[in-house]
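Working notes, beginning with the structure itself.
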Amino acid sequence: MENQNIPHVISHDEQAIVIKDLYKSFDDLEVLKGVNLTVDKGENVVVLGKSGSGKSVLIKIIVGLLKADRGEVTVLGQQVATLTDKELNALRLRVGFSFQSSALYDSMNIRQNLEFPLKMNRKTMSRREIIKAVDEVLEDVGLRDKMNQMPSDLSGGQRKRIGIARTLILRPEIMLYDEPTAGLDPITSYEINKLINEVQQLYNTSSIIITHDLTCAKETADRVAMFVEGRFTRIGKFEEVFNTDDEQVRSFYNYNFIQ
Amino acid sequence: MINIRTKKYVISKVLDAFFISVNRAYLFVIQFFKQVLVPPFHFSEIVNQCFEIGLRALSLITLTGFIIGIVFTKQSRPSLEDFGATSWLPSLIGIAIVKALGPLVTALICAGKVGSGIGAELGSMRVTEQIDAMEVSAINPFKYLVVTRVTATMITIPILSFYCIVVGLLGSYVNVRAEEATSFIAFFQSAFSTLHFLDLSTSVVKALIFGFTIGIVGSYKGFYATKGTQGVGKAANQAVVMAMFLIFIEEVVIVQVSNWIRYF
């Protein structure tokens with residue numbers, strides 16, 4: 001078990017994300033209270049905690065959507081807070097973000113949704129190369145037959161898959177999943193969990209998966225970080241994290257997973 | 260560690276919030292001027308938005324412009340008849356529609372149809388995290404969504420304004436023709452006889468400024484929408500109210516400035 005108060009020594013070659021002593025507040029509400037976490041390259045780390053506890057804030061700080069009040073976030077060897085807009089955008093191309101709501105562009109069909117990041121960021125790609133990339137990534141998420149449909153025509157699980165495909169099309173080195181199984185039935189959740197593991201293997205990504213779903217955590221995590229009251233109380237393998245007498249951690253396990 | 264619970268307001272919570280929002284609006288406008296001349300320009304999206312805006316407002320502008328032409332002519336005729344000056348009717352209509360009613364009516368219709376549409380669209384994109392999705396894909400949402408829409412309103416509203424003037428004058432001609440034997444050419448010659456270059460250029464500048472106002476207010480309200488679907492409705496509503504309020508203020512200022520120029 002790691003002690004979350006002792007940050008890892010940064011080695012840019014091995015660690016995809018290093019978070020040190022991170023604080024974030026919204027008005028009077030302190031959400032992050034000194035968070036420390038490292039994600040090794042090729043590793044899936046699941047951040048587990050109650051809904052509304054501020055887990056998503058953490059990954060939004062990692063991609064620069066929110067600014068931390070204090071602390072350091074290093075992604076692929078670059079300190080996010082010190083980057084210029086141009087540098088931050090270059091970094092964002094290497095980090096995929098799958099939103100809880102999928103955040104598909106509802107005025108575009110699925111093909112256009114997937115083409116859009118490529119057209120905007122890979123100006124040298126030919127039309128043929130873009131079509132090929134879209135076909136490939138849709139094949140990877142198993143939804144090639146949906147490419148001409150609108151997002152509103154898809155189910156929740158399909159929307160999640162397309163959301164993941166849209167981030168994968170830029171071939172990211174890191175994937176950040178925000179509640180990937182929230183609101184999905186158990187079978188669709190299982191498929192999404194399987195997809196997260198396939199993405200890790202196929203695209204060799206490092207991932208942070210934000211969830212309150214213990215099944216998702218168990219199936220996808222190399223390590224689990226238990227987020228309680230603004231900081232990580234336990235980090236380690238799934239079984240190690242829940243092998244504790246800590247009431248808050250035990251109750252989360254008991255009421256969420258196997259009572 | 261900073262204890263945020265002891266945070267003090269500079270004046271008061273409400274006034275601080277007001278000045279912060281004014282500053283944010285100011286920075287939003289500055290941001291537009293900074294980005295509008297810098298590539299990439301997203302021409303296809305601008306053209307797309309021009310069509311969207313034009314199509315959204317065209318039918319209403321046609322109807323309103325035509326009716327205004329007829330009604331204004333009908334209402335002006337008895338007063339002019341009292342002074343035996345009905346021959347001045349086309350000139351009066353020309354001045355009223357070209358200098359004031361055309362751009363103003365177009366702007367008010369577009370504030371309702373287009374401004375609310377932009378506010379609701381961007382607001383919906385904000386609350387469903389589509390704007391965040393653009394940002395994390397290294398796409399500048401301000402450039403792609405705001406700059407294109409404001410540019411499109413600045414192009415389209417002067418064109419719609421010109422169209423409204425033409426339709427309004429046609430409406431007026433229909434009414435005049437029903438009362439007396441005036442040719443189409445004679446009516447238009449008379450309508451434009453008292454108008455000068457300054458009047459026409461003021462009208463164009465006015466439409467351009469109204470276009471900017473509608474685009475920027477709608478975009479600003481939508482871009483910073485919060486609190487879910489309720490926030491989207493609020494953004495659309497505020498976009499219309501704020502744009503109309505600013506349009507009336509701008510109308511007064513522009514008329515005053517154009518009069519200063521005229522007598523300079």
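If you're matching them up, the sequences are chains U and A in order. Read in order, the letters of the first sequence are residues 1 to 259 in the working numbering. Read in order, the letters of the second sequence are residues 260 to 523 in the working numbering. A virtual CB, placed ideally from N, CA and C, is assigned to each residue, including glycine. Everything numeric in this text was worked out from a predicted model, so none of it was measured.
Could you give the residue range of the alpha helix (DSSP H) that holds Leu168/U?
156 to 168
Through-space distance from Lys293/A to Ser431/A, alpha-carbon basis
43 Å
Can you name, in chain order, every residue of its own chain whose Cβ lies under 6 Å from the Cβ of Phe278/A, other than the five neighbours on each side?
none
Going by DSSP, what residues sit across from Thr211/U in a beta bridge?
Leu48/U
Could one say the Cβ of Glu304/A lies closer than 8 Å to chain U's Cβ atoms, at least one of them?
no
At what residues does the alpha helix (DSSP H) containing Glu510/A begin and finish?
487 to 522
Backbone secondary structure at Glu72/U - three-state DSSP
strand
Could you please give the first and the last residue of the uninterrupted alpha helix (DSSP H) stretch that includes Met393/A?
389 to 395
Do the region 190 to 202 of chain U and the region 225 to 236 of chain U touch if we need at least three Cβ pairs shorter than 8 Å?
no
C-beta neighbour in chain U for Ala392/A, strict 8 Å:
yes
Who are the Cβ neighbours of Met150/U in its own chain at under 6 Å, not counting the five residues just before and after it?
Asn109
Could you say which of Ser206/U, Leu176/U, Gln158/U, Leu114/U lies nearest to Tyr190/U if we only look at CA atoms?
Gln158/U
Tell me the residue span of the beta strand (DSSP E) that contains Thr472/A.
Element bounds for Thr472/A: not the beta strand (DSSP E) but the alpha helix (DSSP H), 456 to 482.
What's the gap between the Cα of Ala165/U and the Cα of Met175/U?
11 Å
Using the beta-carbon of each residue, which ones in chain U are nearer than 8 Å to Val491/A?
Under the 8 Å cutoff, chain U gives no residues; its nearest Cβ is about 13 Å from Val491/A.
Can you tell me the Cβ-Cβ gap for Thr332/A and Leu339/A, rounded? I've got them flagged as a contact below 8 Å.
Not confirmed; about 10 Å, so no contact.
Can you name the residues of chain A whose CB is closer than 8 Å to the CB of Leu32/U?
What Leu32/U touches in chain A: nothing, since even the nearest Cβ is about 12 Å away.
What are the boundary residues of the beta strand (DSSP E) that includes Asp28/U?
Taken as a continuous stretch (DSSP letters only), Asp28/U belongs to no beta strand (DSSP E), as it is neither H nor E.
Nearest-angstrom Cα separation, counted from Lys358/A out to Glu87/U
50 Å
Relative to the C-alpha of Glu43/U, which candidate in Leu143/U, Ile192/U, Leu168/U, Gln15/U has its C-alpha closest?
Gln15/U
If you draw a straight line from the alpha carbon of Thr220/U to that of Leu214/U, how long is it in whole angstroms?
10 Å
Roughly how many angstroms separate the alpha carbons of Trp519/A and Arg70/U, rounded to a whole number?
55 Å
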